[in-house]
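Chemist:
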Amino acid sequence: MRVPYFPGCSLKDFADNFEKSAFASASVLGVELVELPEWYCCGVVAPLEEDELIRKVAPARNFLRTKELGGNKLVTLCSMCYNTLKLTNLYMKKNPDKLERINSFMDEEENYDGTVEVIHFLELLRDIVGFEKMREKVKKPLKGLKVAPYYGCLLLRPKEVAIDSLEKPTVMEDLLKSLGAEIVNSPLKKTCCGSYQVINNKEVASKLVYKIITAVTKRGGEAVVTSCPLCHYNLDSLQKDLSDKYPGYKEVPVFYFTQLMALAFGLEEEVLGLEKHEVNPLNLLKSKGLI
Amino acid sequence: MAEKSVEEGKEKFEPVIVGFFCRWCTSEAADLAGTIRLQYPPNIRPIRVMCSGFIDPIYVLKAFLEGADGVLIGGCHLGECHYINGNYKAQTRVKVIKEVMKSLGLEEERLRLEWISTSEGLKFAEVANEFTEQIRRMGPNPLKKLKRE
Amino acid sequence: MKGSLILKKVNSEFIRKIVEVSGVNVFACYQCGRCSASCPLVEEMDILPNQMVRLVQLGNEEVLNTATPWICATCFSCTARCPLGIDIAKLAEALRSISLRKNIDKVKINQISFGELMKLPQIALVSNFRKNTSVS
Amino acid sequence: MRVGVFVCHCGRNIAGTLNIEKIKEEVAKHSGVVHVEDYIFMCSDPGQKLIRDRIKEKNLDAVVVSACSPSLHEKTFRNNAASVGLNPYKVEIANIREWASWPHEGKPEEATEKAIKIIKATVEKVKSNIPLEPLSVPVTRKVLVIGGGIAGIQASLDIANAGLEVYLVEKKPSIGGKMAQFSETFPTLDCPQCIETPKMTEVANHPNIHLYAYSEVVDVSGFVGNFKVKVKRKATYVDWNKCTGCSECAKVCPVKVSSEYDVGVSQRKAIYIMFPQAVPNKATIDPEHCLRLVYGKGCGLCAKTCPAGAINFEQKEKIEEIDVGAIIVATGFDVMDPSLLTEYGGGKYKDVISALQFERILAPSGPTGGKVVRPSDGKEPKTVVFVQCAGSRDPEHYMPYCSKVCCMYTAKQALLYKHAVPNGHAYVFYIDVRTDGKGYEEFYERVLREAEATYLRGKVAEIYKEDGKLKVLGVDTLTGKGVEINADLVVLATAAVPSEGIKELAKVLRIQTDEYGWLKEAHLKLRPLETATSGIFIAGAAQFIRDITDTVSHASGAAAKALSLLSRNRIEREPLVAEVNEEICSGCGNCVEACTYQAIKIDPETNIAKINTALCEGCGACQASCPSAAIQLTNSYKKQLFEMISILAKE
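If you read the protein sequences in the order shown, they are chains H, A, R and X.
One point on numbering: in the numbering used here, the residue at position 207 of the first sequence is 207, and numbering is uninterrupted.
One point on numbering: in the numbering used here, the residue at position 140 of the second sequence is 1140, and numbering is uninterrupted.
One point on numbering: in the numbering used here, the residue at position 73 of the third sequence is 2073, and numbering is uninterrupted.
One point on numbering: in the numbering used here, the residue at position 93 of the fourth sequence is 3093, and numbering is uninterrupted.
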């Protein structure tokens, strides 16, 4: 199966371990993520103003590239890209007059007709590949690894883009269970990590990360799993300061779900890019006999 | 528009529209529209019937054959029929009538089915306005021309 | 915020602008406060999200001077939980946008140290600038 | 044919826009019209006298009154004509006010033209109207009441006391309904045992009431005055004629099941009496859990123990047919399942309960003997959080409406909790406190003072378990601060919803529900006790959630409606029904299919459609389906419609 894929900026740089592990795991499942031959920054955050059009042009161009690849589905890994592309696409579908304006801004291009569907890689795994099939490919079950799924905001909200139930999502739990991991349910798995406030209000983001991580460790969680590079950055890198600030604070490593897939599929350790983590995951993985 | 008609040397076309209104809802809505003095064009000539499900296709065709330019059927919203499901029957029949209309060379848009409840006086007036305007744009019933020829 | 509200005439021009930019009908809100109860950043805000909606309902432009829209991280918790389906996140975006369109920047890029800039991922920088500056 | 046309000015309402002279001139030319006359107010006494006089003088055999909508004065003018011997069905109304003068005020000429067309078309109709007499049908002077809660009990007693027979059908083994589950009632703090139980006993002993407990209405046919009802009497596996209600059987039964009456707060046995004051006070075996009934052999301990020998594992359900003249639906309400409220941990945490469950915990005679303990560990909760509007006023996720009774019972529960746990503290999250009843606001104020409850104005966002406590995340919009409470027990005032199975029952009864399942009244303001199907009335919360005071009033109102309908031995019906021209009918059966009321059958001997006029509602769907115009609706004949259409469709 070949599916058009939109990487976004992070996956080519500081989150390249997310992409590498995703590509490697996908190929185990017979899925080829075909990167758009040319792509443009999605804008990172969806422009929510009704009268804002120019910031929607780049997503439209990405959809045109998708159609050129002969697809009507566009897969993303990054939650922020997913949310931005999906919301922008819905806006264009709902407002044909606005779509016409957007098309007029790119007069050198074909018109975008609103027919591309944006999906997240998790949806593809759940709805097209199926977790049962994933279970068959597991060589090294993540036995005894207590992981806490962390959805953050943008996979679930607003409801128009939700990949799962808003209040009681299960897609990551189901995925991790199929890899053999033990699920730790944290009530804060849908709570914001502070997102871009890490720049203006680092303290605020830091407080949220503290709440999110301690809610996990309190429940016996040994690792957090996410699908968002920014969540990963905040949850991972801000923990360093927390150890200084709160005596007895227990650090936990933060993984992309694709890293755990690659691990369970028995792929080479280098696709995991574990050296990129701030909170060192090696001890945990070694203690479980996973590396 | 007025200028255009002068150019063509014709008078402004005023369509004739026959309305079949269920006595339980759309007739009441038309009453309400009048009571609160909503203004709509006088082109719609109403007949009060027991139920939209009472409307035999032949009545609609008869109206067109007699020269009506449009026919408006008004019934209760689906699920709200006084006779439980008469409006569903009307909905099915309208589909059939539209097929017959096409075969006679009548545009199917000349027949419209609307669900207008007792309290929807405003909707009644809006539909009357809009439908009259639509038929006015469509021009006279083509069967009339045939008849004349 | 102190002082009394002197309601001579609700500033409909301001409300109209907000409605146009946000596409949100703020009048539907019955002030249950669930947006505030759901907001993870409410401790940091000077007024609660429901008070932000309230000021807009009253057409009070002081809302533009509050910190709340700038503390908002656009996590959509308020929007998802609102019983009336009011998109409060969009409202906050509109409030930011109205300020930003006056060429006001809320983040000073040149004040971020080079070391910090090198360390921060572009996804954090770009999203922050999109929300807090008029130029991006 | 001698038709008289009377044109009303309605003051300036008609004459101010329409040209009356022009109308008179044009209508007078129409064939069959022998007299046209106008008057300033036709509906006034002199106006009516004018019509009566002309009918006699001019020997009119049909009349068209051109005035306001027929829904206003059709009856007036028909009765008026009847008083001088003209058949009322030979009078028709041409609506030239609502349909011509009012909506076209600025276009007098066109409006006058339209009015003339309307009048002429009505003249054509009345010319072919046939004189009719109302159908008079005998009635069965008995009433079926469905649902044995306080509404059904009240309606049954009112009717039975007036001397008519009542069949009271209740699907559970005992009557009493929701009220029997309450601890104490607001605002008087009466215990339901003290005020409802006597009424339940009165029902059981009333000579005019046939109580069918553990039974369901499965089929209804017929029409107002003459309904035929099939009631399924479910098998109880206990001979109720022998059972004395001693409960020895329940003591020996080895199977424990979650109690419906205690909403899961306690357990009952597989053979059980719903509650000590149950009426009838008889045991019932739950076939889904009884070991003997599930496996077909073994156990049988109850049968061995029963001193009356009442247990009968072979008992079968029975269908009984009853005839009634009117039906009252009193099926009440349910509360929303708390497990639907995932963000509040409903169904997930044992100590997040519904207010109905808390009623059972607070009830002095309840499973805990009135001791307030929480379900998870039986400990006394020191911090209780009440969440109002849980599932209500939330069109985006749950129910859009206000569930009306929650503000009051939450206040009551906070007070009863404080009485039971004086060193405990209650927090109440609310959006608005609604106290719309006699003595309600005073009660609420008493609760504030006496229970010292902390009322917090805000809707709770989320509840989850943290460090052994229930963390409630809310807000206090009055101080503008977020709120976090670590609670021992959370009570959700879950939305009121229509009772389970109501949509199916509504289908059986041929009455309508709204999108949620509340029964639809004939008119929200003016006919709140009636359904659109004549002879079927609504009592109590089945129409919409209401408190006990309102329910009892509503039920007495429904009883009065049924009594007034059945006060005579015969009732009259509109004679506008379908008729068959036997010469033309080919017996194709299209009409049988089109008829919603099963009023048409093909006679197997003659192969001709036959109409049961008693069942025909006069909708005319059969007429539209008949390929040969053999079946027609009286006074809406095809001929009439054709004449009207040809007048109206012409330019």
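Virtual Cβ for every residue (Gly too), placed ideally from N, Cα, C.
Do you know whose CA, among X:T3596, X:K3650, X:S3556, lies nearest X:Q3154's CA?
Modeler: Within the fourth sequence, numbered from 1, the residue matching residue 3154 of chain X stands at position 154. Of the candidates X:T3596, X:K3650, X:S3556, the one whose C-alpha sits nearest the C-alpha of X:Q3154 is X:S3556.
Chemist: Does any residue of chain X bring its CB to less than 8 Å from the CB of A:C1051?
Modeler: Working through the second sequence from its first residue, we reach residue 1051 of chain A at position 51. Yes, A:C1051 counts as interfacial toward chain X.
Chemist: Go to H:E32, then tell me how far its alpha helix (DSSP H) extends in each direction, as first and last residue.
Modeler: Reading the first sequence from its first residue, position 32 is the one you call residue 32 of chain H. From DSSP, H:E32 is part of no alpha helix (DSSP H) but of the beta strand (DSSP E) over 32-35.
Chemist: Do X:G3535 and A:C1051 have their beta-carbon atoms positioned less than 8 Å apart in this structure?
Modeler: On the second sequence, residue 1051 of chain A is found 51 positions in, with the first residue counted as 1. On the fourth sequence, residue 3535 of chain X is found 535 positions in, with the first residue counted as 1. Cβ atoms of A:C1051 and X:G3535: not closer than 8 Å.
Chemist: For R:V2126, which residues in chain H fall below 9 Å Cβ to Cβ?
Modeler: Numbered from its first residue, the third sequence carries residue 2126 of chain R at position 126. Chain H residues near R:V2126: C9, C41, G43, V44, V45, Y196.
Chemist: Can you find a C-beta in chain A that's less than 8 Å from the C-beta of X:M3644?
Modeler: Translated into the one-based positions of the fourth sequence, residue 3644 of chain X becomes position 644. Closer than 8 Å: yes.
Chemist: Are R:C2039 and R:C2078 close, meaning C-beta to C-beta below 8 Å?
Modeler: Indexing the third sequence from 1 puts residue 2039 of chain R at position 39. Indexing the third sequence from 1 puts residue 2078 of chain R at position 78. Yes.
Chemist: The alpha helix (DSSP H) with X:P3198 in it runs from where to where?
Modeler: Position 198 of the fourth sequence, counting from 1, holds the residue named residue 3198 of chain X. Segment 3197-3205, the alpha helix (DSSP H) holding X:P3198.
Chemist: Using a threshold of 8 Å, state whether the C-beta atoms of A:D1069 and A:V1016 are closer than that.
Modeler: Residue numbering aside, residue 1069 of chain A sits at position 69 when the second sequence is read from its first letter. Residue numbering aside, residue 1016 of chain A sits at position 16 when the second sequence is read from its first letter. In contact: A:D1069 and A:V1016 (Cβ atoms closer than 8 Å).
Chemist: I'd like to know whether the C-beta of R:D2087 is nearer than 8 Å to at least one C-beta of chain X.
Modeler: Indexing the third sequence from 1 puts residue 2087 of chain R at position 87. No, because no Cβ of chain X sits closer than 8 Å to the Cβ of R:D2087.
Chemist: Below 8 Å between beta carbons: does that hold for X:D3337 and X:P3375?
Modeler: Indexing the fourth sequence from 1 puts residue 3337 of chain X at position 337. Indexing the fourth sequence from 1 puts residue 3375 of chain X at position 375. In this structure, X:P3375 does not lie closer than 8 Å to X:D3337 by Cβ.
Chemist: Taking the alpha-carbon of X:T3494 as reference, which of X:G3298, X:A3310, X:I3311, X:Y3430 has the nearest alpha-carbon?
Modeler: What you label residue 3494 of chain X is simply residue 494 of the fourth sequence in a count that begins at 1. Out of X:G3298, X:A3310, X:I3311, X:Y3430, X:Y3430 has the C-alpha closest to the C-alpha of X:T3494.
Chemist: Quick check: what's the CA-CA separation for R:F2076 versus H:L74?
Modeler: By 1-based counting over the third sequence, the position of residue 2076 of chain R is 76. By 1-based counting over the first sequence, the position of residue 74 of chain H is 74. Their Cα atoms are separated by approximately 23 Å.
Chemist: How would you list, in chain order, the residues of chain C whose beta-carbon sits under 7 Å from the beta-carbon of X:E3343?
Modeler: Among the protein chains in the structure shown, which are H, A, R and X, there is no chain C.
Chemist: Comparing alpha-carbon positions, which option in R:L2058, R:I2086, R:V2063 lies nearest R:V2010?
Modeler: If you number the third sequence from 1, residue 2010 of chain R lands on position 10. If we check each option's Cα against that of R:V2010, R:L2058 comes out closest.
Chemist: Pairs of beta-carbons, one from the stretch 1119-1137 of chain A and one from the stretch 1081-1097 of chain A, closer than 8 Å: are there three or more?
Modeler: Not touching, per the Cβ criterion.
Chemist: Under 8 Å between C-beta atoms, does X:W3518 make it to chain A?
Modeler: Within the fourth sequence, the letter at position 518 stands for residue 3518 of chain X. No, no contact with chain A.
Chemist: Locate the beta strand (DSSP E) running through A:W1115, then write down its first and last residues.
Modeler: Working through the second sequence from its first residue, we reach residue 1115 of chain A at position 115. Its beta strand (DSSP E) spans residues 1111-1115.
Chemist: Using the beta-carbon count (16 or more within 10 Å), is A:K1004 buried or exposed?
Modeler: Mapped onto the second sequence, residue 1004 of chain A falls at position 4. For A:K1004, the predicted model reports a pLDDT of 40, less than 50, meaning its position is unreliable and no value from the coordinates is stated.
Chemist: Does the beta carbon of H:K240 sit closer than 8 Å to a beta carbon anywhere in chain X?
Modeler: Numbered from 1 along the first sequence, position 240 holds the residue referred to as residue 240 of chain H. Not closer than 8 Å to any Cβ of chain X, the Cβ of H:K240 fails to qualify, so no.
Chemist: Check for me: the beta strand (DSSP E) holding X:L3211 runs from which residue to which?
Modeler: Against the fourth sequence, residue 3211 of chain X aligns to sequence position 211. It spans 3209-3212 - the beta strand (DSSP E) in which X:L3211 sits, taken as one unbroken run.
Chemist: In whole angstroms, what separates the C-alpha of X:R3054 from that of X:E3026?
Modeler: Counting from 1 along the fourth sequence, the entry for residue 3054 of chain X is found at position 54. Counting from 1 along the fourth sequence, the entry for residue 3026 of chain X is found at position 26. Those two C-alpha atoms are separated by around 20 Å.
Chemist: Suppose you measure from the CA of R:S2136 to the CA of R:I2109; what does that come to, to the nearest Å?
Modeler: Here the question's residue 2136 of chain R lines up with position 136 in the third sequence. Here the question's residue 2109 of chain R lines up with position 109 in the third sequence. At R:S2136 the pLDDT is 46, less than 50, meaning the model places this residue with poor confidence; the figure from the coordinates comes in the next sentence. Near 11 Å, if we compare the C-alpha coordinates of R:I2109 and R:S2136.
Chemist: Checking the sheet assignment: what are the DSSP bridge partners for X:L3144?
Modeler: The residue labelled residue 3144 of chain X in the question sits at position 144 within the fourth sequence. Answer is X:Y3167, X:I3327, bridged to X:L3144.
Chemist: Quick check: is the beta carbon of H:V118 nearer than 8 Å to any beta carbon in chain R?
Modeler: In the first sequence, counting from the first residue as 1, residue 118 of chain H sits at position 118. Not an interface residue.
Chemist: Roughly how many angstroms lie between the CA atoms of A:M1001 and A:E1126, to the nearest whole one?
Modeler: As a working mapping, residue 1001 of chain A is identified with position 1 in the second sequence. As a working mapping, residue 1126 of chain A is identified with position 126 in the second sequence. Only weak support is given to the placement of A:M1001: the predicted model assigns it a pLDDT of 36, under 50, and the question is left unresolved by the model.
Chemist: Output the distance between the C-alpha atoms of H:Y256 and H:F18, rounded to the nearest integer angstrom.
Modeler: Position 256 of the first sequence holds residue 256 of chain H. Position 18 of the first sequence holds residue 18 of chain H. About 6 Å.
Chemist: Taking 8 Å as the limit between beta carbons, can you name the residues of its chain near R:I2098, skipping five residues before and five after?
Modeler: In the third sequence, the residue the question calls residue 2098 of chain R occupies position 98. Answer for R:I2098: K2017, I2018, V2021, L2064, listed in chain order.
Chemist: Going by the CB atoms, is the gap between R:I2047 and R:T2068 shorter than 8 Å?
Modeler: In the third sequence, counting from the first residue as 1, residue 2068 of chain R sits at position 68. In the third sequence, counting from the first residue as 1, residue 2047 of chain R sits at position 47. Yes; because the gap between Cβ atoms is below 8 Å, this pair is in contact.
Chemist: Who are the Cβ neighbours of X:R3078 in its own chain at under 6 Å, not counting the five residues just before and after it?
Modeler: On the fourth sequence, position 78 is the one that residue 3078 of chain X refers to. Taken in chain order, the residues that qualify are P3088, V3091.
Chemist: Pair every Cβ in the stretch 147-162 of chain H with every Cβ in the stretch 225-233 of chain H, then say whether three or more of these pairs are closer than 8 Å.
Modeler: With the cut-off at 8 Å, the stretch 147-162 of chain H and the stretch 225-233 of chain H touch.
Chemist: Are the C-beta atoms of A:E1108 and some chain X residue less than 8 Å apart?
Modeler: Along the second sequence, read from residue 1 onward, the residue named residue 1108 of chain A stands at position 108. With 8 Å as the cut-off, A:E1108 does not count as an interface residue toward chain X.
Chemist: List the endpoints of the continuous beta strand (DSSP E) containing X:N3632.
Modeler: Here residue 3632 of chain X refers to the residue found at position 632 when the fourth sequence is read from its first residue. The sequence shown places Gln at residue 3632 of chain X, not Asn. From DSSP, the beta strand (DSSP E) with X:Q3632 extends over 3631-3633.
Chemist: For chain A, check one thing: does any of its Cβ atoms lie closer than 8 Å to the Cβ of X:R3012?
Modeler: Start at 1 with the first residue of the fourth sequence, and residue 3012 of chain X comes out as number 12. Not an interface residue.
Chemist: Tell me, please, whether the CB atom of X:L3633 is closer than 8 Å to any CB atom in chain A?
Modeler: Sequence index remark: in the fourth sequence, residue 3633 of chain X carries index 633 (1-based). It does; some Cβ of chain A falls within 8 Å.
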